[in-house]
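Using this note's numbering, the first residue of the sequence shown is number 2, and each one after it goes up by one. Ideal Cβ placement from N, Cα and C applies to all residues, glycine included. Computed from a predicted structure; not experimentally measured. The structure under discussion appears below in the form of structure tokens.
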Amino acid sequence: MIRAGARVGLFEKGLMRKKTQRTYIGGQAVIQGVMMRSKSGMATVVRDDNGETQIEAKRITPPEKRKKWLRFPFVRGVVSFVSSLVLGMRSLLRSSEVAVADDEEPSKFTKWMAEHWKISVGEIVTTIATVLGVALAVVLFLFLPNYFAALNSDAAPAVGGANSIWYNLIEGGFRFVIFLLYILFTLLFASLRETYRYHGAEHKTINCYEYGDELTVENVKKASRLHDRCGTTFIFLVLVISIFVFALANWLLGLTGMTGIGWLDFLISFLVKIALLPVVAAISYEILRLLSKTDSVLVLPLKAPGYLLQMLTTQDRDDGMSECAILAFRKAKEMDDDPASPEKTFATETKLSSLLDMMKKSFAQKDIDGSDAEWIVSLELNIPRSALGEERIVTRRECRNILDKFEQRLTGRPLWYVYGDAEFYGYTFKVDERVLIPRPETEILVRQAVASLKDGDSMLDLCTGSGAVAVAVACEAAKDRNVTVTATDISEGALEVARENARLNKANVTFVKADLFDGVRGRFNLITANPPYVQSAEIASLPKDVRDFEPHLALDGGVDGLDFYRRIAEKINRYIVRGGMCILECGEGQAQEIIRIFRTVARCDFAMVVRDLAGVERVVKIGF
């Protein structure tokens, strides 16, 4: 009896470990990386020429999900074979773009193809390479064995004729020898040996998961590099099954009087074998599927030939290869487990339209406004958003910069925190998690404040945050008036940002750390404020980028959102001159209650409301 963990013949430790769970995730090695494919997506992880790890994740809809009849036994084998071939070739070529890419500007031809034909050279190369790959396989494993067997037609009578099983065994032998020589030939090249090492990392990672072990580099290292569902084993099964299927076909052709040796007969036989490839693939797939469902020692002899071939096509790997395989596996599984898991793309030369489509699709899955994708691309490429409809090639360096901002925004972090600044009233303001991002509607407050200030007036801005209101008013008023501006905030972090913004915009503003009026001296002609006005219970329902990143101190206005307005009303008469004005921003539906508070508590002389472009009562002007 063979115990778990023991050596099995020529095979390594870990092969006979009991698998506690099965996974449908499979993969393949690519250039300097690993591709893993799940039911809903495929993830490819590649180390680029800088040694950095890049990941590309694409959602896929297998044909069998669209049409139920494609799930039937034998039919599904053909579908799986074709799908794996296409997706595998695509991943292989995409990985080559990352592993050996350069930062040169795209050629004139590349740009012309993108602009006029809406296609990239990479897409053309992928299509051609796929066709050539299939053609090479047909020549190597169908034409040549058939041809070699025909050359030895003299031996046909000795083995029962060209249509006998023995003659077809000879042909199958040629096919297997060519396959084995092909593998040995590839081992002569260092780059392909490197790919086989990634192949080993792929197998070890899948085995590690099926053992029930945590996916760590150390655990993956101990797992077997041989796996039941390997493509190498599948090809071996194809070689074996083809002998019997082709023998049956030749026998049936023999009933028509065809010998299979003459050139016409040879051609007909060759075309029939091409036509029967789906049948061979379907039978091989079902056998592989059955063998992979059990770890019984009884079926080991059936698995052994495939394992022996895998000893050639999988090699020992380094920890970096395991990291690539683990990351690819986790991302592929994540795309099944989480329908909102975003797609990713390599930082390589690509079409602008493709990049934008991917970004918008990923943002939509995270409930992020798609316009943010347009902002990122326009800012990084330094082109207007109106020009984004014009097709062009995005270079690798440009793509890397775009994806860096994209990944940050994808976490939910607000776009202007990602960039570190925001435009407000024609000025640029530094912003980060210490302050609210200035909103366009607040420009109404600034406009009303500038209009109310006269030469020699003084202004106090409460809850200044980033200093956007105070700095913008100071800059605008300084164009034709002499005014003094003071701003307060309870947050030292916010004041640090505000002081930096005043310096950058050359605004003369005095900043005071204070809880509203506390610590403030003197009276002012104008008092402004954009205080916290969100109801406490509504904080949790705010958009993720506001709720999770912007400071709650600047958002929470108490139970009804009006706490700060009450506090301002209680003390404002001590700090405003006779004939002065208070201008306050407020939330939707709050204006009339704010007016009532100031009439009741502060005994103001008058009050009026200014609406924003959406018709919302946004600003309250109060006279004293």
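Could you check the C-alpha separation between residue i and residue j for me, to the nearest Å?
| i | j | result |
| --- | --- | --- |
| L170 | F177 | 10 Å |
| R435 | L188 | 57 Å |
| H204 | D296 | 16 Å |
| G10 | Q316 | In this prediction, G10 has a pLDDT of 45, which is less than 50 and means its spatial position is unreliable; what the coordinates show is noted afterwards. G10 and Q316: Cα-Cα distance of roughly 18 Å. |
| A115 | K362 | At A115, the pLDDT of 48 sits below 50, so the modelled position is not reliable; the number obtained from the coordinates is stated separately. Each residue's Cα considered, the two are about 21 Å apart. |
| F82 | W376 | 41 Å |
| G371 | R600 | 44 Å |
| T233 | G201 | 12 Å |
| L254 | I269 | 9 Å |
| R77 | A423 | 54 Å |
| I26 | Q409 | 28 Å |
| M36 | E391 | 32 Å |
| G523 | F550 | 36 Å |
| L382 | V486 | 38 Å |
| R4 | Y286 | Its pLDDT being 39, under 50, R4 is placed unreliably in this model, and the coordinates cannot settle the point. |
| H117 | L353 | Unreliable placement is indicated for H117, whose pLDDT of 48 sits below 50; no coordinate value is reported for it. |
| L272 | S92 | 30 Å |
| V621 | M360 | 40 Å |
| F607 | G580 | 11 Å |
| A156 | I242 | Here the model assigns A156 a pLDDT of 48, short of 50, so the residue's position is not dependable, and the following value carries that caveat. Roughly 23 Å between the two C-alpha positions. |
| R230 | P306 | 13 Å |
| D629 | M582 | Because the chain here runs from 2 to 625, residue 629 falls outside it and cannot be looked at. |
| V432 | D490 | 15 Å |
| V617 | G468 | 24 Å |
| E571 | K545 | 34 Å |
Let me check understanding here. Comparing Cα to Cα, which of the options lies closest to residue i?
| i | options | result |
| --- | --- | --- |
| V470 | Q536, N506, V35, K455 | N506 |
| A478 | A488, V447, I491 | V447 |
| V140 | Y183, E98, A305, A333 | Y183 |
| V419 | G427, A365, L404 | L404 |
| G34 | G624, V602, I528, Y197 | Y197 |
| L313 | I595, L181, L272, L88 | L181 |
| A283 | I236, A475, Q22 | I236 |
| P532 | L517, L543, K545 | L517 |
| V498 | E594, F364, V513 | V513 |
| A388 | F407, R290, L357, P415 | L357 |
| V451 | D481, T465, P439 | D481 |
| R226 | V239, Y210, L240 | Y210 |
| G28 | T45, Q22, T21 | T45 |
| L463 | V510, L216, G173, V281 | V510 |
| D49 | K367, L216, G321, K332 | G321 |
| A30 | F425, Q311, Y199 | Y199 |
| K222 | R194, A305, D319 | D319 |
| Y534 | L310, R568, K545, A276 | R568 |
| Y566 | R440, I384, A592, E442 | A592 |
| K274 | Q22, F247, I288 | F247 |
| T396 | L278, V47, P302, E98 | E98 |
If I follow the unbroken alpha helix (DSSP H) through residue i, where does it start and stop?
| i | result |
| --- | --- |
| R401 | 397 to 411 |
| Q366 | 353 to 366 |
| R579 | Element bounds for R579: not the alpha helix (DSSP H) but the beta strand (DSSP E), 577 to 586. |
| Q593 | 592 to 598 |
| E381 | 372 to 382 |
| F46 | A small correction: the amino acid at residue 46 is Val; Phe does not occupy that position in the sequence shown. Note, V46: premise wrong, no alpha helix (DSSP H); beta strand (DSSP E) at 42 to 48. |
| Q22 | Counting along the chain, Q22 falls outside any alpha helix (DSSP H), and DSSP gives it neither H nor E. |
| R448 | 444 to 453 |
For the beta strand (DSSP E) that residue i lies in, which residues bound it at each end?
| i | result |
| --- | --- |
| V611 | 607 to 612 |
| D422 | 422 to 425 |
| E618 | 618 to 624 |
| D462 | 459 to 463 |
| A30 | 27 to 31 |
| V35 | 34 to 38 |
| R60 | 54 to 60 |
| F430 | 428 to 431 |
Of all the CB atoms in chain D, is at least one closer than 8 Å to the CB of residue i?
| i | result |
| --- | --- |
| R95 | Absence of chain D from the displayed structure is noted, only one protein chain being present. |
Those runs of the alpha helix (DSSP H) which lie wholly inside the stretch 205 to 267 and span at least 4 residues
218 to 223, 232 to 255
Ignoring anything shorter than 4 residues or poking outside the stretch 478 to 513, list the alpha helix (DSSP H) runs there in chain order.
493 to 505
>> With three or more beta-carbon pairs closer than 8 Å as the criterion, would you say the stretch 543 to 559 touches the stretch 608 to 617?
In response: no
#### Entry: Contact the stretch 51 to 65 vs the stretch 29 to 43: 3+ CB pairs below 8 Å
yes
Self-check item: Whole alpha helix (DSSP H) elements within the stretch 271 to 348, 4-residue minimum
Solution: 301 to 314, 320 to 338
Which runs of the alpha helix (DSSP H) spanning at least 4 residues fall entirely within the stretch 508 to 567, listed in chain order?
-> 545 to 548
The stretch 341 to 353 in contact with the stretch 382 to 402 per 3-pair CB rule at 8 Å:
yes
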